[in-house]
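Here's the structure we're looking at; comments come further down.
Numbering (this note's numbering), first residue to last: 19 to 160.
Written out as structure tokens, the structure is:
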């Protein structure tokens, strides 16, 4: 499995912990995020994540900013991306089961690092249910 990750200045600590968690599990990580707390423009760091997922370079993406909203709005402009803003692991599971989400958006200012890791674990280990959900997912792109 290969994961692409991107973050703005609200998420370097989250990214570092998530990357370590993933690499300890033998998962390859492509890092597009900033490593500093200096203010940056989040689209610059998450559009590459969306491109990786959209083009099959990565299996899934992880994006992080303060609220999770700006980064999710940015990547959801890509036609093949279904980014889900998650704040608990149950939402992460539903995002995969019902929406076939391929990018998880994490709000660093509203979750702990441990919660973020639990959400990533749940997200990556939950399958899309298909069935009645597939028709809905097919209607998402404009």
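Virtual Cβ for every residue (Gly too), placed ideally from N, Cα, C.
All figures in this text were calculated on a predicted structure; none of them were measured in a lab.
Endpoints, alpha helix (DSSP H) assigned at residue i
i: residue 92; result: 87 to 93
i: residue 109; result: 107 to 117
i: residue 45; result: Run containing residue 45: none; DSSP gives neither H nor E here.
i: residue 156; result: 150 to 156
Endpoints, beta strand (DSSP E) assigned at residue i
i: residue 101; result: 101 to 103
i: residue 78; result: 78 to 83
i: residue 121; result: 121 to 125
i: residue 98; result: Residue 98 -> no beta strand (DSSP E), and no H or E assigned at all.
i: residue 22; result: 20 to 25
Under the three-state DSSP convention, the category residue i falls into
i: residue 63; result: helix
i: residue 69; result: helix
i: residue 32; result: helix
i: residue 138; result: helix
i: residue 37; result: helix
Selection from the options that minimises the alpha carbon distance to residue i
i: residue 71; options: 83, 132, 48 and 144; result: 48
i: residue 17; options: 132, 147 and 142; result: The structure shown does not extend to residue 17, since the chain is modelled only from 19 through 160, so no value can be given for it.
i: residue 23; options: 87, 146, 103 and 76; result: 76
i: residue 148; options: 137, 157, 129 and 117; result: 117
i: residue 87; options: 54, 64 and 78; result: 64
i: residue 242; options: 104, 90, 135 and 73; result: For residue 242 there is no data in the structure shown, the boundaries of the chain being 19 and 160.
i: residue 127; options: 114, 85 and 145; result: 85
i: residue 44; options: 19, 34, 129 and 67; result: 19
i: residue 108; options: 89, 91 and 139; result: 139
i: residue 66; options: 46, 80 and 152; result: 80
i: residue 91; options: 122, 146 and 51; result: 122
Residue i vs residue j beta-carbon contact at 7 Å
i: residue 32; j: residue 131; result: yes
i: residue 83; j: residue 28; result: yes
i: residue 110; j: residue 137; result: yes
i: residue 144; j: residue 114; result: yes
i: residue 59; j: residue 30; result: no
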